Every structure is written in structure tokens, then in C-alpha cells.
Amino acid sequence: MKTSYSKRLSTTTVGALVITLLVAIVVPVLRAADQPLVVIVAATSPLQDISRANLRRAFLSEPTGGPGGKMIPLNQPPGTPARAQFDKAVLGLAGDDVARFWIDQRIRGQGGAPRAIPAAMLTRVVPQLVGSIGYIRANEIVPGVKVVTIDGKKPGDPGYLLQ
Amino acid sequence: MRTKVSGRVCLLGAALAVMLAMTAGCLYNASERCGPGEVLDVADNCVCAPGNVPVYRDITVLMPVSPAEVRPFSSCKPCGDHQVKSGDKCVCAPGFVLGATGCMTSNLGATCAADAACAAGDQKFCSLPAGYCTTAGCATNADCNAEADYACATTATPPYCKRPPLGQGAACTAAQGDPACTAEAPLCVLGGCVAPPGCQTNSDCSPNRKCCDLTNVGQPGLTLCLAGACP
Amino acid sequence: MTSVGRVSVAAALALELALAAPAALAQPAPPSGPLAPQAPVPDATPSDTEAPTPAPPAQAPLSVVTPAAPQPAASPDEDAAKLAELLGQDSTGGAAEPSLKFYGFADFNALQYVQLSPKWENTLAEELSLYVGRLNLYMEGNIAPDWKSLIEVRYMFLPNGATIMGTYTDPVANTGRFNGIAADYTDSDRPIAWGSISIQRAYLEHNFTNFLSVRVGRFLTPWGIWNVDHGSPVIIGPSKPYIIGDGFFPEAQTGFDAFGSVAVGEGTLGYHLTLSNGRGPTEATRDQDNNKAVGGRLSLKMYVLGQLDVGISGYGGTVTDKRQRVDLVAQGLANFNYEHYREVSWAADVQWTWKALHFQTEAAFQDRVWDNDARPVNGAGLQPDVRRFGLYGLLAYRLPWLNLMPYTIVQYYDTGWRGGFGGFASKVTGYSFGLNVRLNPSVVFKIEYSLATFGNVVAGSPFEDTLHLLASQLAWAF
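Going down the list, the protein sequences come from chains A, B and C. Quick note: the first sequence uses my numbering, first residue 858, plus one each step. Quick note: the second sequence uses my numbering, first residue 358, plus one each step. Quick note: the third sequence uses my numbering, first residue 77, plus one each step.
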């Protein structure tokens, strides 16, 4: 009797643990999109804060100026939630407007969108590429990158642009 | 940084202002859209004003592509004193001839007693004993003033441009003795004074007349110098 | 399973699902999560121009940052390759081979004059014509960091079929059209029509600083809005306004273009300064008067009630048509200026975009003054000095259904002389009503009805009658 109960308990516990473990892995993935976006530069960059206007200029491939010198903007791939959120908040473009805008820019001869690389690679490239600036989810910050405030606001502050 | 930005902005604005100031209003003049002596026609093209003729550009066109091709001109010049426009040239007005200093009054037919009286005009020879200024040295009628009906008297020495009979062609009514007719053209035929009959050929008449035999109109043996076609 | 087991499992599930439910319900899962291996992504410009998946709705702000999911192991080779690509280097750290991108646009058109009056019938065709209008190919090369090359070529069916003036004098011998038919040696000498190309742009660009970049080569004149928009998928209507089509500014120039911009508060102040051969019969290859043309533009982009762009542009230069003549005195050939004039152009433009509303307007004037001994023949006389003025205004609104954008254009153009319309009129006022439909980001359909009335008209000429035109276009970017 005691043996069969122990067996059932072990199986049940193991099952619960497995489920918990799986959910513990999956949930953060699903919850990533809840995280605000943060603008990152190399930890060694002198840039501490960036205005919304300069952030927009950087990702429109317009000159920016300011500490840190010329910026190399790095996008996330089109179609990703982070990219969509960033384009909407910073460039004021959503949905088809994004593609339409960059097609028009290209035909005008004014260049295309900044290069796009996945978030995971972005956090490894930004520390090494002088002047680069990108954006990731707040929970994707790794050593080597630094979060810059936007108009003096950090994630969680009222009115933060990329909440 | 703020100073740098302001400086750049000011520099750009200044450059643009200079450009504007240099060019605005100093190029186009609405009252002088064509060259001198030119006016706009109904199609807004520059053409020579009345009394002006084109001064053509020094462009040699050996083989025009079209017979209607317009030669370009660089400007227009007004015709001089006693000149009128004829096509694209200035010519002397009727009663004037081209002299060394422009168009001048002709002394053809003026009364004279000697060559000296004709020296100031374009006709240097005084035909005597008739006493009128004309030109000597002609070879054919073409060397004389056809408009004035002068003929070259080739048999004279020297040959000279002989005037038509005085009074020839004047309007008259009386067959004989009409006050408009003169001794040189005493007869009134077909309303005009004519020279006495007896011409043999056209060369016996002035260049603008023909020797007509009037036998066919009931005047057998009568020949007269008449203008136009013979009856 | 015992009741304890059931409870523990249920509790664990309930807790985690309670935390996950809002996110799970609010958005689709990302196409590839951090657990999946990340494939290297090439330069994403082409895919930037594809329609993205719908954006997620706004997220509820969180005060707690939950830990990120475990990242896949970094691949040093992968990172190095991507970094090298971004730096324009190869794997050894040396300069990489330049990357070359091809893209372009084209359009298909249907055009017909309608309600032609009897006086116009002998001059304009009333038949509906279908044609491929523009076929432009861009070749963009990112040669090195801060160096870029852009070449744009237009492929044309011209000159085959183009009207040749003045051949009506012998319509039996002359068709009145350019004969672009050749015997195709690959097809038993059967006839084949040949076309041509027009080089729209060919320049090298270097970026020195944020404030200064320089282009050398052939570039589109940076004036106004329409000329910069340039391509048929970008411009709103199928036809150019008169002041654009009639060349108040040269459409393109060969020379230098220095440009840049500087941040001014929230906005951007931009400039262009150009130096070129100017205009002339051989301006793309040779300057006939050694007098370079100078141009410039100042623009300001502001975010005021949407986006507001204002700009002013200027240009000045000389145009010379130098020819050879026979010099009978010198018994040889001599050069002379058949035509020589000075020109100055000024323009101002405003573009305002606020939500779905779009408004743009451009106004320009141009003076041309000829030397008196170098006026070309025109009609029965010579070319007079000219001041011309024109403007247009375009108002459009993008409806929320089917990407429909109705628009209207009003334009006015005073050519300054009747020769502007063959000697019969000097002014035109146009009204256009159209619809622009962006079927997808790369394809746009336009249909437009226009009417034009003329001013300062010679009595009895066709220009006394209004012209009506129906034009439609399907333009696409590729």
C-alpha cells in the first residue's frame, strides 16, 4: 500500500515539476512582449540620453549630432513586435505605412531602412560596433550594453516613449 | 553645440539671401524683351518694327533645308532719310536716288546750260541743245532710268540717256492744239499727248511705248508711239 | 493521481497561467523565440519594404522586469561575420567587395483625350492608348563605409514611333514618325522594334560629416517636391503638373551636389548646393560655354500638426548652343553661338501631412534673357525674353477603406509668351480630380480626370476650347 502511494506521489510531483519548469521557460517568452523597449548603446559610449527627435532622425538615416558622434542605427527585423512598436512610437508609422515609406524613400534615392538584425545578435554586436544604437526589450539587457534614457525618461517613468 | 548649429543656420541663410539679392529683378525687363528696333508680333515673336529692316547674322547657309527657312537676324536698323522698307531692305523713296551720302533728290531732267549745272546731282551730263541733266555713256536702254522712260540715244556722240518727248502721256481732249500737249507731243490720241507720227520701229519710240500701225483702225499709213498694246 | 498531486499540479498550472494569460491572449507568439536557433539575417532592406505582420496592441506597463529567457550560445563566427558586414569588411578585416542592390519601378498607363472639339481633332488623337510608360532600374552600390553609388536607368520604347516635326510636306515619303525598326539577324531578318535608355542618375556619394555629403556625377536637381519624388509609385497623380514638366528647373544636372542637414529643435534644416554644366544641348557630356550653373535649396522639416515641410530652391546659369558655320572669307569653319541665354529660377514648396490629410503646393518662376545676337528663330521672327510663372496645389485624403485616396489638383501656368503653346496661347489653368489606391506598399493604382483651359488665346485657334483628359496608371516598385 505504502509503495503504490509513493509511486503515485513521485509521478505526480515529477509531472508538476515538469509542467512548472516548462511554464517557467515559456511564460517569460510570452511575457517578453510585455516588457518595455529600451534603447541601447555600447557600455563605453558617452551617450546617456537621447531626445525623441534625435532618435527619430537616427532611424530615418538623418544626421543627428550630439555626444557619441555619428550613430549607426540597427533595427530589429520587420514583422517583429519590437520593430512594430518602435516604428509606431518613434517614426509614427504602422502597418503597411512602414513598407510604403521605405519604398518611397528608395525611389527618391534617399536610401533604405537601417539594417535589421535579431535582438539576440544585436546585444552582441552593439558593444563591438562603435556608434551603433539599437533597441531591445528591457529583459534582454546583457553586459556590454547600456540603456539610454529618452528625453530624460527611463522605462517605467510616466510618459516614457517606448512603454 | 548650440552655437555651432546657429552658426551653420545663419551661414545657410546668408548664402541664400546673397543669391536672392544678386539675381532677383536684374535679369528680365518686361519692357525690353526684344533687341533694338524689334517689337513683338501677335504670336509673341520678335520682329522688326515698322520702318526697320533686319541686320542678318553672319551665318552662311549653303543649302537651306526648307525654302521657307527664316534667316536669323541679330537686330533691326531703321531705314535712313528718304528711304522706305521694301521686303527686308531699305530702298530710296520714289523721287530719290542713292548717292554717296545716302538717298538724295535726282536731277534727272533738270534744266541746264552746261555740265557744270548738273555736277551737284546724280545726272552729270547736260544734254544740249535741249538743256536738261541726264547721263552720258549709256550702251542700252537698260542703262537709263526706265521708270522715267529714258532711252539710250546710241547714235549720239557721246551716247546719252534721252528723255521722252516733253508732255508725252499728259491727259488731253482736243485732237490738236490741246493746251496740255507740247511741240514735242502735239497730238492728242486716246486721251493722251503723243509724239508726231512717222515711227518705223519700237526703237523710234521711248522705251515704254510701241510703234503702232493704225491701218487696221481706218488710218492707213499712220504710225504713232503709243503706250500699252497697239489697237 | 492523488488529491495532493492534483492540487499541486493544478496550483502550479494556475499560478503560471495566471501570469502568462494576458500576454498569451494579447498577441501571437513571435515568429522565432529565443529558444530557436537564430539564422543570420542578411541586409534586411528588401524585407523592410514588405508589408509587416500587424502590430500588437499596446502593452500594459510593468514595474517588474522578469528575467529574459536563456539566450542561445553566442557564435563568435556568426557575430564576427555580421559585424564585418556592418563595417563593410570581409572576414580578414579587409575591405569587403561592394554590395550591389537592384530595384526599380515601372508603370502601365491608359490615356485618352475625351470630348475633343472639332478644332482639336486634327491635332490630338482621341483613341485610347495603352502603354508602359516608365521602366526604371536602380543599381545601388554600397562601395565602402560612407561611400555609395547610385545609378538609375530608364528603359524606353523610344525613339521608335516618336513624332518628327515638319514632315507633313511629303507624307508619302515621310511617315512623320521615327523609324526604329531593324532587321533582326537572329530571326531571319524579321523586323524588330528597338528602343533606348535614358540615364536618369549616375553618381558617387560620400558622407563626410553629419552636415556634409557630396555627390558627383549626374543627379536629379534637388528642387521642390515632385522632382525629388520622381518615381511613379511615389507621386500621387499619373501626370506631372505643368511647372514640373516644362522644366522651370533642369530635371537633372551633371556636376556636384553638396548637401546635408542639421537638427533644429524637433525639426531638421536641410540644404543643397549644386554646381554643374547647367542646361544645354550637350549638358550631360560637355559644357559649351564654360559658365557653370549654380543652384541651391533650403528646406525645413517640422513636426507641427503632423509633419510640415517647407522649402525654397534657386538656380541660375547660361544655356549655349554652339554650332559650326562656313566662313567664306577665311575659307574654313568657324564656331558661333546660335543660341545663348541666361536663366534664373526660383521656387517655393510646402508639404503638410496630418493624419490622413495630405497637402502639397509648389510655385516657381523663371526668367530667360537672350543675347541679342543669339536669339533662335521662332515662327516668323525671333525668340523674345521670357518670364514664366506657375503653381499647383494638391489636396488629398487617405480614407480608411481600401487605402483609397481621393485627390484634387489645381494648377496655373503663365508661359510668358504665346510661343509657349505654339503661338496660340500663353496661359493655362488646369483642374484634376483623381483617385490614388495603394493596393499594397509596392503597387499603386491611379485614375485621374483633368481639364485645361487656356488664356491669351489667338481667336480661331483650338486653344479656345477646353481640353479633357482621362488617364489611369498602375505603378509598381520592385
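Just so you know, even glycine gets a beta-carbon here, dropped at the ideal spot from N, CA and C. Note that the structure is predicted; figures quoted are calculated from it, not measured.
Given this structure, state the Cα-to-Cα distance separating residue i from residue j, to the nearest angstrom.
i: Glu213/C; j: Lys195/C; result: Rather than Glu, the amino acid found at residue 213/C in this sequence is Leu. If you take the alpha carbons of Leu213/C and Lys195/C, they lie about 40 Å apart.
i: Pro421/B; j: Arg390/B; result: 28 Å
i: Lys316/C; j: Ser502/C; result: 19 Å
i: Ala467/B; j: Pro522/B; result: 15 Å
i: Val1004/A; j: Thr868/A; result: 45 Å
i: Arg444/C; j: Ser526/C; result: 29 Å
i: Ala531/B; j: Ala552/B; result: 15 Å
i: Leu465/B; j: Thr580/B; result: 29 Å
i: Ala131/C; j: Ala201/C; result: Its pLDDT being 39, under 50, Ala131/C is placed unreliably by the model, and nothing is read from it.
i: Val1107/A; j: Asp906/A; result: Because residue 1107/A is not part of the residues shown, which for chain A are 858 to 1020, the question remains open.
i: Leu948/A; j: Arg914/A; result: 9 Å
i: Thr142/C; j: Pro893/A; result: At Thr142/C, the pLDDT of 46 sits below 50, so the modelled position is not reliable and the matter cannot be decided from this model.
i: Ile257/C; j: Glu395/B; result: 46 Å
i: Gly524/B; j: Pro515/B; result: 25 Å
i: Val208/C; j: Trp552/C; result: 12 Å
i: Asp403/C; j: Arg414/B; result: 12 Å
i: Val292/C; j: Asp490/C; result: 34 Å
i: Ala493/B; j: Cys483/B; result: 9 Å
i: Val574/B; j: Cys587/B; result: 10 Å
i: Val454/B; j: His439/B; result: 9 Å
i: Gly261/C; j: Ile268/C; result: Here the sequence assigns Tyr to residue 261/C, which means Gly is not the residue at that position. Distance between the alpha carbons of Tyr261/C and Ile268/C: 10 Å.
i: Val418/B; j: Lys442/B; result: 24 Å
Could you give the C-beta distance for residue i and residue j, rounded to a whole number, given that I count them as a contact under 8 Å?
i: Asp479/B; j: Gly456/B; result: 6 Å
i: Leu904/A; j: Val895/A; result: At roughly 13 Å, the Cβ-Cβ gap does not stay under 8 Å, so Leu904/A and Val895/A are not in contact.
i: Thr437/C; j: Tyr417/C; result: Between Tyr417/C and Thr437/C the Cβ distance is about 28 Å, and since that is not below 8 Å, they are no contact.
i: Lys368/C; j: Ser352/C; result: 7 Å
i: Leu176/C; j: Met215/C; result: 6 Å
i: Asp506/B; j: Pro564/B; result: 6 Å
i: Leu912/A; j: Ile998/A; result: That pair is no contact at about 18 Å.
i: Phe332/C; j: Thr361/C; result: That belief does not hold up - the Cβ atoms of Phe332/C and Thr361/C are roughly 16 Å apart, past 8 Å.
i: Thr330/C; j: Pro538/C; result: Between Pro538/C and Thr330/C the Cβ distance is about 38 Å, and since that is not below 8 Å, they are no contact.
i: Ile319/C; j: Ala440/C; result: 5 Å
i: Gly356/C; j: Phe181/C; result: Wrong, their Cβ atoms sit about 29 Å apart, outside the cutoff.
Going by DSSP in three states, residue i sits in which element: helix, strand or coil?
i: Gln962/A; result: helix
i: Glu359/C; result: coil
i: Leu571/B; result: helix
i: Thr580/B; result: strand
i: Thr869/A; result: helix
i: Cys475/B; result: helix
i: Asn411/C; result: strand
i: Trp196/C; result: helix
i: Asn218/C; result: strand
i: Ser563/B; result: coil
i: Arg418/C; result: strand
i: Glu997/A; result: helix
i: Arg957/A; result: helix
i: Thr245/C; result: helix
i: Glu524/C; result: strand
i: Leu931/A; result: coil
i: Phe539/C; result: helix
Give the range of the alpha helix (DSSP H) segment to which residue i is assigned.
i: Leu912/A; result: 909–916
i: Thr396/C; result: Run containing Thr396/C: none in the alpha helix (DSSP H); it sits in the beta strand (DSSP E), 383–403.
i: Met978/A; result: 976–982
i: Gln942/A; result: 938–943
What are the start and end residues of the beta strand (DSSP E) that includes residue i?
i: Arg494/C; result: Run containing Arg494/C: none; DSSP gives neither H nor E here.
i: Glu919/A; result: Here Glu919/A belongs to no beta strand (DSSP E), and DSSP marks it neither H nor E.
i: Phe254/C; result: No beta strand (DSSP E) contains Phe254/C, which DSSP labels as neither H nor E.
i: Asp183/C; result: 175–190
i: Pro235/C; result: From DSSP, Pro235/C is part of no beta strand (DSSP E); its letter is neither H nor E.
i: Glu395/B; result: 395–397
i: Thr350/C; result: 343–352
i: Thr1006/A; result: 1002–1007
i: Thr505/C; result: 503–516
Taking the runs of the beta strand (DSSP E) that are 3 residues or longer, which of them lie wholly in the stretch 475–550 of chain B? 482–484, 489–491, 508–510, 517–519, 544–546
At 4 residues or longer, what runs of the alpha helix (DSSP H) sit wholly inside the stretch 261–328 of chain C? 302–305, 318–321
List, from N- to C-terminal side, the beta strand (DSSP E) runs of 3 residues or more that fit wholly inside the stretch 423–486 of chain C. 433–446, 462–473
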